[in-house]
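Shown next, in structure tokens, is the structure this report addresses.
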Amino acid sequence: MKNKGIIAEIQVLIANGISNIYGNEINPDSVVINQTKKEFEGDYTVVLFPFVKQLRTSPMDLGDKLSEYLKSESSKIIGVSLVSGFLNVQLSDQAWKDQLSLISNQENYGERVGNGKTFMVEFSSPNTNKPLHLGHIRNILLGDSCGKIYKVMGYKVIVTQVINDRGIAVCKSMYAWSKLSDGETPDSANLKGDHFVGKYYVKYNQLLEQEYQSWQKTDTAKNLYKEKAKEGQSVEDYFKSYKNQYFNEFSKIGAETKEMLLKWESGDSETVALWQKLNSWVYEGFDVTYKNLGVEFTKNYYESDTYKLGRSAVEEHLEKGLFERREDGSIWVNLEDIGMDKKILLRSDGTSLYITQDIGTANVRYEDFHPDKMVYVVGDEQDYHFKVLFEILKRMGKPYADGMYHLSYGMVDLPTGKMKSREGTIVDADDLLVEVIKEAADAAKEVGSLDDLPIGEQEEIFRKIGMGALKYQLIRINPRKRITFDPAASIDMQGVTGPYIQNAYVRIQSILRRLGEGYNQNEGEYTLFEDEKELLILMNHYPYTIKEAADNYDPSIVATFSYNLAKAFHRFYQERSLLNAESEEAKNFRIKLIREVAKVLKLSMALLGIEMPNRM
RNA sequence: GGCUCCGUAGUUCAACUGGAUAGAAUACCUGACUACGGAUCAGGAGGUUGAGGGUUCGAAUCCUUCCGGAGUCACCA
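In the numbering used here, the protein residues as written are 44 to 659.
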């Protein structure tokens, strides 16, 4: 960044001041600067306590001396007041006007020049046996937003996903389709491809359940219950927990499905053709959902390509003594020295596991793109898995091991608890998008402010508002926290919401429209009001907000920023006339100001993947 | 049980990573401009930051012991 802004300037001034007066060297970045609380006079506040011990002085004394220094050194600072260890600094109007000009000169304010580094983010990573759901949406929004944030931080960004396109679950849909479809296709059934395949996945489970039910009446099953059930365990309870074992040991359908998987693995052409057909339908469906969510991937990795990877890497490091082989041939890593346990890396039959694959995939990605950072957006239920994975890669001495990060986020719950496919409580992504856009449309029609627009344009606006509301609602919350989402309750459009922020932008656009294209006057002499300064202080903080969000992999920080800026604008708007301002100078300044407010609102919301309508 | 995460107004969330009297929204109550767009604004009420102890100029934040909730501890992914 060429200009580091006013905050950095004050930090340097303080550091220099201390160096001049006391001879101690202070790192400017360590100087804590806060926005001054409303009750006190000033724009920024320097916290003096951290220095008093080191300098062996009192806050009062330090404050007095720094006050003198600041006033004499910087023409931008016109007032300094000391309140119990806090130094409140007031900047001149001219300093703020200069800051505004600086912002207006940067089309992409807040964006940093390229740093030559590459940032890779993985998210979504769906299975190809059913459509995306609400949980995926949170995942996707987080990952997409992180990519956008790192983009403006100057990184080259690679957006990727691992598509889990193989395995027993995928074979289940294939099996059901081949048995029950009678050649039905998404076209003939008039269903989106992923929903179509998901339908057969559901059918499969019904089929299996039927088979299981009748099996439970056989003598084999009854004897099993008598012998193996725990004291007092009911029949239902026992067979509920036995289902997985039944699938593996007794089920005819299960056996046939597993045979299908084996055939697929051996490359049987008929099975592979079936697999390709169903997956291609699913991808068509996913493409639509991704497009509606506004996300694009630069590179997809397919599990069918990567599931055998990692084996050689593990074997190689086994020879180096990093891992141990047990008698049965399985290979393990021992992480007990750092308080974790032993983890299996290769099965006794030599096949890979999830973690083996991840090792292999990380290697391939590094070879493909040489990323400096690799971020995995995956739910917090896999926290331990990633701790283990990163530790193993570190021990393997991978050059990229230090740049790996697991962006862990909390699950999305319903008011009734977890989403469960078995209980049919999954909130489908496509349905939800339709629903929120409809809600936005209903709200807009009630207001009636768009009635003069052609239907097509209206619908585009409904979409932006509905999507903005949904995205904002999900992304404004700290990723670590679980979210309870009630699909039955209508989406919020008032208060801390996407539409509230969009509305601030729309109000500005409305004024600028009335003003006409060519309006661009210099402001001249003008004394700033507090609410105007507030907007400048906030906008001035935007680059720091981006950095903070990037450092913490936390888009919710940007979401909060956008809201605060919108709120400050709404307040200002209520209080000050723009088009009929009290003077030409006031009008000119305010127009310039709100142009930049609109710009920063749009830029910051874009980082969350939220679009701004010009009207609403 | 071991480890990890979470616990803040009735509810949903903040709190610049240890800084001033813990802030918003929502719901509730009271108000505002004959409209630069009311999807707005102002005000009121609402808190022992789960509980106790410690660290220090200063703690929602760090340490510790409890309490409550979630996740995870597979030759599953």
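Yeah, the Cβ is synthetic: ideal placement off N, Cα and C, and Gly gets one too.
Query: What distance in whole Å lies between the Cβ atoms of D208 and S347, which are believed to be in contact at a cut-off of 8 Å?; Result: 5 Å
Query: Check each candidate in A512, K363 and S115 and name the one with the smallest Cα separation from G60.; Result: S115
Query: Starting from the C-beta of I480, find all residues in its chain whose C-beta is less than 6 Å away, skip the five residues before and the five after it, and write them out in chain order.; Result: F505, R506 and G509
Query: State the DSSP-derived secondary structure class of V357, mapped to helix, strand or coil.; Result: helix
Query: Spell out the partners DSSP gives K199 in its beta bridges.; Result: T161
Query: Would you mind working out which of K235, S118 and E478 sits nearest S135, comparing C-alpha positions?; Result: S118
Query: Using CA coordinates, which residue listed in Y443, N170, N343 and Y452 is at the minimum distance from Y244?; Result: N170
Query: Just verifying my parser: in three-state terms, what is the DSSP assignment at Y419?; Result: strand
Query: Please report how far the alpha carbon of G567 lies from the alpha carbon of G85, in whole angstroms.; Result: 24 Å
Query: Work out the CA separation of S277 and V240 for me, nearest whole Å.; Result: 35 Å
Query: For the segment 462-481 and the segment 160-180, state whether three or more C-beta atom pairs, one from each stretch, are separated by less than 8 Å.; Result: yes
Query: Which of helix, strand or coil does DSSP assign to F293?; Result: coil
Query: Does the Cβ-Cβ distance between I544 and Y606 come in under 8 Å?; Result: yes
Query: Tell me the residue span of the beta strand (DSSP E) that contains S124.; Result: I120 to V126
Query: If I measure Cβ to Cβ from T21 and keep anything under 7 Å in the same chain, skipping five residues before and after, which residues do I get?; Result: Because residue 21 is not part of the residues shown, which for the chain are 44 to 659, the question remains open.
Query: Flag this pair as touching only if the segment 569-576 and the segment 607-623 have three or more C-beta atom pairs under 8 Å; answer yes or no.; Result: yes
Query: Taking buried to mean at least 16 other C-beta atoms within 10 Å of its own C-beta, is F83 buried or exposed?; Result: exposed
Query: What do you get for A593, buried or exposed, if any count of 16 or more other CB atoms within 10 angstroms of its CB means buried?; Result: buried
Query: Pull up the DSSP beta-bridge partners for N375, would you.; Result: It should be pointed out that residue 375 corresponds to Trp in this sequence rather than to Asn. DSSP lists E367 and I387 as partners of W375.
Query: Can you find the residues in the same chain that come closer than 8 Å, C-beta to C-beta, to D72, ignoring five residues on each side of it along the sequence?; Result: Q54
Query: Starting from I57, trace the alpha helix (DSSP H) both ways and give me its first and last residue.; Result: G48 to Y65
Query: Where N77 and K576 are concerned, what is the direct C-alpha to C-alpha distance, given to the nearest angstrom?; Result: 15 Å
Query: DSSP beta-bridge partners for H176?; Result: D471
Query: How many Å lie between K642 and V325 at the Cα?; Result: 39 Å
Query: Could you tell me which whole beta strand (DSSP E) segments of length 3 or greater appear in the segment 183-263?; Result: 199-206
Query: Which class does F282 belong to by DSSP, given the choice of helix, strand or coil?; Result: helix
Query: Please go through the same chain and pick out, in chain order, the residues whose beta-carbon is closer than 6 Å to the beta-carbon of F162, but skip the five residues on each side of it.; Result: Y193, Y198, V200 and K416
Query: Taking 6 Å as the limit between beta carbons, can you name the residues of its chain near E367, skipping five residues before and five after?; Result: W375
Query: Under a three-way DSSP split, which group does M659 fall into?; Result: coil
Query: If we call anything under 8 Å between Cβ atoms a contact, is E12 one with Y419?; Result: With the chain represented from 44 up to 659, any question about residue 12 goes unanswered, as that position is not in the structure.
Query: What's the C-alpha gap between Q259 and K265?; Result: 7 Å
Query: Return the CA-CA distance between F293 and Q400, expressed in angstroms with no decimal places.; Result: 30 Å
Query: Please confirm whether L436 and M454 have their CB atoms less than 8 Å apart.; Result: no
Query: Write down the C-beta distance between I211 and T341 rounded to the nearest angstrom, noting that I regard them as a contact closer than 8 Å.; Result: Actually they do not touch by this definition, with Cβ atoms about 30 Å apart.
Query: What's the C-alpha gap between M655 and A602?; Result: 14 Å
Query: Per DSSP, K342 is paired with what?; Result: T203
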